[in-house]
Amino acid sequence: MSIPEDLRYTKDHEWIKLLEDGSTALVGITGFAQSELGDIVFVEVKPAGTKLKAHEIFGTVEAVKTVADLFAPVAGEIIEANGALDAAEIVNQDPYGEGWLVKMKIDDPSSVSELLDAAAYRELTGE
Amino acid sequence: MPFIVNTDRDREEMLRSIGAASFDDLITDIPEEIRLKKALDLFPALSEPEVMKLLEGLASANRSTAGYVSFLGGGAYDHFIPSAIKSIVSRSEFYTAYTPYQAEVSQGTLQAIYEYQSMMCRLYGMDVANASMYDGATALAEAVLMAMNITGREHVVIAGRLNPFTESVLKTYLEASGHGAIVQNSLDNGTGSVDGLRMLVGERTAAVVVQQPNFYGCLENVEAAGAAAGECGALFIVSADPVSLGMLEAPGNYGADIAVGEGQPLGSRQNFGGPYLGIFTVRQAHVRKIPGRLVGMTRDRDGNDGFILTLQTREQHIRREKATSNICTNQALCALQAAVYLSLLGKQGIREVAGQSAVKAHYLADRIAALPGYALKFTAPFFREFVVETPLPASEVVGAMLDKGIFAGYDLSAVGESGLLVAVTEKRTRAELDQFVALLGEL
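Following this line, the structure appears as structure tokens:
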């Protein structure tokens with residue numbers, strides 16, 4: 000299972016990618032997470048404008064026989080939900096790319112670097 | 000089912016095995032002062048013939064629609080039930096089946112529920128129906144919770160005259176959930192005031208609820224109720240009598256977001272108030288928020304059609320405390336009765352049941368209103384039920400008619416109002432109607 004080196008990770012299996020402007024980031028679920036969930040049929044995330052604390056639930060991802068909450072990796076505000084999620088299988092097919100979930104404006108960009116790096120996440124998942 | 004005894008020896012063995020000294024050790028959590036300190040006050044033991052005699056004696060004190068001419072309504076109606084229904088639902092494959100935990104094994108049960116859902120969608124003009132709920136009242140309460148959940152708002156505006164028992168169930172649900180408030184519109188001539196409604200709805204309104212026909216049998220202005228809901232972004236919830244839909248517009252055709260109903264008139268007996276059938280239908284957009292079970296059709300790997308429980312991730316065994324509802328069961332047997340009933344009647348049949356009920360109800364209403372001292376309480380159009388003002392108190396009318404083998408109707412003093420609520424189904428004959436009028440005239 001691929002774990003891209005340029006992302007940061009949470010113990011809840013979200014990834015976050017700080018964008019070039021340094022204050023916005025994309026958030027998704029990891030390849031490990033989508034593989035454990037199985038066929039994803041529905042993703043529901045809170046709308047743009049929602050302010051989130053770190054670890055706060057910002058949506059749910061639903062597979063055929065289970066459902067999982069989505070946790071904000073860091074504090075910030077949702078500025079965009081991925082419109083491509085109407086076809087939820089995109090999260091299975093491309094979890095680190097087209098299957099991103101939300102774009103966030105990060106309260107404190109340095110909080111991102113406190114999350115797990117690829118090596119630590121690899122250890123967590125035993126990959 | 001055998002009575003499974005456990006003897007003193009069994010109990011000792013069990014207590015020893017779990018390391019408890021006595022039964023009382025197991026209930027130390029129950030405060031001493033609320034424990035029963037004497038033997039249960041039960042009948043002395045009887046032999047089987049004695050039990051039969053006792054129970055038959057008790058049963059014979061019942062007065063039922065089998066021996067009486069019934070004009071009782073108010074939510075439960077004496078429509079004809081074809082014998083084929085009992086014959087089919089009495090098959091042990093149906094009546095012994097609990098909603099199975101490996102549901103897909105029971106393809107027959109799932110198919111029956113799927114057929115029921117499809118019929119409810121057509122009858123109510125909606126996209127999706129669930130596998131049913133406990134009764135019409137819980138279906139409405141669940142619809143309101145769903146609307147609050149979708150809109151994030153708290154006010155439930157009752158547009159007209161809701162059945163008061165339905166309303167009390169709704170109040171119980173809202174009390175228990177700790178939020179939500181009921182706002183009652185003013186009434187005018189037995190139906191909701193359109194001007195009053197416009198003033199009550201606003202940005203806090205989660206849902207506008209209307210019952211069609213309403214508790215008095217009158218027809219509400221459902222278009223106005225739907226428009227009021229639409230203007231403020233609230234959901235429009237309609238509780239419609241299923242038999243009335245043989246004659247009246249389907250809720251889906253006048254903008255209902257959620258349409259519910261009490262399914263008892265579709266092939267279930269009145270049964271002292273239950274088990275009944277909660278019909279619950281929604282538009283496709285809300286399918287992930289609906290309570291209860293949902294049967295879907297699919298295709299297996301060999302290309303055969305099959306039936307499944309679908310969208311289970313809304314339910315509490317998966318979504319736990321965030322489930323859309325704490326109900327994940329249904330009234331499978333009553334739903335089956337409704338499906339068989341509608342299959343037997345067909346489109347023409349349900350139209351005829353509705354049409355005959357309405358025609359006979361209007362015939363009776365005209366005759367009663369012409370009697371000295373009697374009058375219709377409301378002039379609003381009605382379907383198969385109407386309120387009569389009587390020269391004697393309604394309770395006395397009911398008592399006098401009971402002696403003549405007639406259930407005269409529902410005495411509205413039970414809900415603090417005047418009048419007698421009279422319902423007429425297709426079962427009533429011209430002779431029965433004329434006799435009822437004659438007897439009322441003699442009072």
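In order, the protein sequences belong to chains Z and R. For the first sequence, the residue numbers in numbering that gives the first Met the number 0 are 0 to 126. For the second sequence, the residue numbers in numbering that gives the first Met the number 0 are 0 to 442. Ideal Cβ placement from N, Cα and C applies to all residues, glycine included.
Cβ-Cβ distance between residue i and residue j below 8 Å
i, j, result
"R:TYR215", "R:GLY189", "yes"
"Z:VAL60", "Z:VAL90", "yes"
"R:ASN162", "R:GLY74", "yes"
"Z:ALA67", "Z:LEU36", "yes"
"R:PRO380", "R:LEU218", "yes"
"R:SER131", "R:ILE278", "yes"
"R:LEU247", "R:PHE382", "yes"
"R:ASN184", "R:LEU196", "yes"
"R:VAL423", "R:VAL281", "no"
"R:GLY262", "R:PRO241", "yes"
"R:HIS78", "R:GLU425", "yes"
"Z:THR124", "Z:PHE31", "yes"
"R:LEU341", "R:ILE349", "yes"
"R:LYS288", "R:ILE80", "no"
"R:VAL193", "R:VAL200", "no"
"R:GLY404", "R:TYR67", "yes"
"R:TYR172", "R:LEU144", "yes"
"Z:LEU6", "Z:ALA119", "no"
"R:LEU308", "R:ARG292", "yes"
"R:ALA142", "R:VAL168", "no"
"Z:THR111", "Z:ILE15", "What sits at residue 111 of chain Z in the sequence shown is Val, not Thr. The answer is yes: Cβ separation under 8 Å."
"R:TYR362", "R:LEU432", "yes"
"Z:GLY27", "Z:GLY82", "no"
"Z:THR23", "R:ILE317", "no"
For residue j and residue i, believed in contact at Cβ under 8 Å, the rounded distance
i, j, result
"R:LEU438", "R:VAL386", "Not quite, the Cβ-Cβ distance comes to about 19 Å (not below 8 Å), so this is no contact."
"Z:LYS52", "Z:ILE78", "Z:LYS52 to Z:ILE78, Cβ: 16 Å. No contact."
"R:LEU370", "R:ALA399", "Actually they are not in contact, since the Cβ atoms of R:LEU370 and R:ALA399 sit about 14 Å apart, beyond 8 Å."
"R:TYR133", "R:GLN330", "7 Å"
"R:GLY107", "R:MET147", "Not a contact, Cβ separation roughly 37 Å."
"R:VAL88", "R:GLN336", "6 Å"
"R:VAL259", "R:ALA364", "Rounded, the Cβ-Cβ distance is 27 Å, inconsistent with contact."
"Z:VAL40", "Z:ALA87", "6 Å"
"Z:GLU13", "Z:LYS50", "17 Å between Cβ atoms; not a contact."
"R:GLU222", "R:TYR253", "6 Å"
"Z:THR9", "Z:PRO94", "The Cβ separation is near 14 Å, so there is no contact."
"R:ILE326", "R:PRO290", "6 Å"
"Z:ASP107", "Z:ALA74", "7 Å"
"R:THR507", "R:GLN211", "Residue 507 of chain R lies beyond the residue range present for chain R, which begins at 0 and ends at 442; the question has no answer from this structure."
"R:ARG366", "R:VAL436", "4 Å"
"R:LEU109", "R:PHE306", "4 Å"
Amino acids of chain A, ordered along the chain, whose beta-carbon sits closer than 8 Å to that of residue i
i, result
"Z:GLU35", "You won't find chain A in this structure, because its protein chains are Z and R."
The ligand MG heavy atom lying under 7 Å from the CB of residue i
i, result
"R:GLY177", "Among the components of this structure there are no ligands whatsoever, and the ligand MG is therefore not found."
In chain order, what residues of the segment 313–329 of chain R put their CB closer than 7 Å to some CB of chain Z? Per Cβ criterion, the list reads ILE317, ARG318.
For the segment 131–164 of chain R, which residues have a CB atom closer than 7 Å to at least one CB atom of chain Z, in sequence order? Of all residues in the segment 131–164 of chain R, none has a Cβ within less than 7 Å of some Cβ in chain Z.
Taking only runs that begin and end inside the segment 28–70 of chain Z, name each unbroken beta strand (DSSP E) of 3 or more residues, in chain order. Those beta strand (DSSP E) runs which fall completely within the segment 28–70 of chain Z and span 3+ residues are 39–44, 56–62, 66–70.
Kindly confirm or deny that the segment 231–239 of chain R and the segment 103–120 of chain R touch, where touching means at least three C-beta pairs closer than 8 Å. The way I'd put it, the segment 231–239 of chain R doesn't touch the segment 103–120 of chain R; fewer than three beta-carbon pairs between them come closer than 8 Å.
Is the segment 294–314 of chain R touching the segment 150–166 of chain R, taking contact as three or more C-beta pairs under 8 Å? Verdict: no, contact absent.
Residues of the segment 283–305 of chain R whose Cβ lies closer than 9 Å to any Cβ of chain Z, in chain order: Hits within the stretch, in order: ARG287.
Could you name each continuous alpha helix (DSSP H) segment of 4 residues or more that falls completely within the segment 116–194 of chain R, going from the start of the chain to the end? The segment 116–194 of chain R contains these whole alpha helix (DSSP H) runs: 135–150, 163–176.
Going along the chain, which unbroken runs of the alpha helix (DSSP H) with 4 or more residues stay wholly within the segment 15–74 of chain R? Segments of the alpha helix (DSSP H) lying fully in the segment 15–74 of chain R: 22–25, 47–59.
Any beta strand (DSSP E) of 3 or more consecutive residues that is wholly inside the segment 310–389 of chain R: Fully enclosed beta strand (DSSP E) runs of 3 or longer: 384–388.
Stretch pair the segment 397–412 of chain R + the segment 37–53 of chain R: three plus CB contacts closer than 8 Å: No, they do not touch.
Beta strand (DSSP E) runs contained entirely in the segment 64–110 of chain Z, provided each spans 3 or more residues: Those beta strand (DSSP E) runs which fall completely within the segment 64–110 of chain Z and span 3+ residues are 66–70, 75–80, 101–105.
Runs of beta strand (DSSP E) wholly within the segment 242–289 of chain R (minimum 3 residues, chain order): Runs found: 257–261, 277–281.
Which residues, in chain order, does the segment 17–50 of chain Z contribute to contact with chain R at a C-beta distance below 9 Å? If the cut-off is 9 Å between Cβ atoms, the segment 17–50 of chain Z has VAL40, PHE41, GLU43 near chain R.
Can you pull out the residues from the segment 57–84 of chain Z whose beta carbon lies closer than 9 Å to at least one beta carbon of chain R? Taking a C-beta cut-off of 9 Å against chain R, the contacting residues of the segment 57–84 of chain Z are THR59, GLU61, ALA62, VAL63, LYS64, THR65, VAL66, ASP68, listed in chain order.
To test your reading of the DSSP string, which unbroken alpha helix (DSSP H) runs of 4 or more residues are found completely within the segment 213–239 of chain R? Here the runs fully enclosed are 221–231.
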